[in-house]
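Below is one structure, written out as structure tokens; the observations come after it.
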Amino acid sequence: MKTIYEVLAGWGALRYYWRRVWEQPQTLIGWAIYRWLVRGMKKDRRLPPGIARGSYDGALICEVSWRWGGVSFGEYIYVKRLVIASTQTVMHEYGHTRQSRMLGPLYLPLVGLPSVLRRLWAMKVVRPLDRERWYYSGYPERWADRLSGVMR
Ligand SMILES: [Zn+2]
């Protein structure tokens, strides 16, 4: 007979594989970016463009050198190097991880797309001083903040 720990471990493994199926579109993108970053690191050892810094509740947190503050694809969270110390940014991205777990295949159309469009709108239309406040006060950013307990 199985112990309670073995049963729970079995459920954990099932959840792990289920998430790979349920969140496949964004997980594949996140994984492809990770592979690309690792390849870049192997080519140029002086300037590693990305590195995994740790994990939080099953999400892999990677530090990257691009301009955007943060972006999440399934279990992969990418945050800008300079803001790696900002817990708020990492937690906000973890909010997107939770959205991905809830929405599965609908994450990219319902969260990813509006997020990108609102970011572009903020850059083109919203006054620089109001950009951050405007961006994080609407859907789906406020929801991600709420899911991860970020207070702005
Ligand atoms: Zn966001």
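Heads up: the sequence shown begins at 1 in our numbering, then just goes up one per residue. For each residue, glycine too, the CB sits at the ideal point set by N, CA and C. Keep in mind it's a predicted model, so treat the numbers as computed, not measured.
- The continuous stretches of beta strand (DSSP E) do not include residue 95, which lies in the alpha helix (DSSP H) extending over residues 87 to 103.
- When only Cα atoms are considered, residue 149 and residue 91 end up about 8 Å apart.
- One thing to note: residue 105 has its Cβ no nearer than 8 Å to the Cβ of residue 139.
- With fewer than 16 other Cβ atoms from the protein chains shown falling within 10 Å of its own Cβ, residue 14 counts as exposed.
- The straight-line gap separating the alpha-carbon atoms of residue 122 and residue 3 is approximately 54 Å.
- In this structure, the alpha-carbon of residue 65 lies about 10 Å from that of residue 78.
- Between residue 99 and residue 144, the C-beta spacing is below 8 Å.
- Note that the C-beta distance between residue 26 and residue 107 is below 8 Å.
- The DSSP-derived three-state label of residue 115 is helix.
- In this structure, 61 is the residue among 61, 126, 81 and 120 with its C-alpha nearest to the C-alpha of residue 96.
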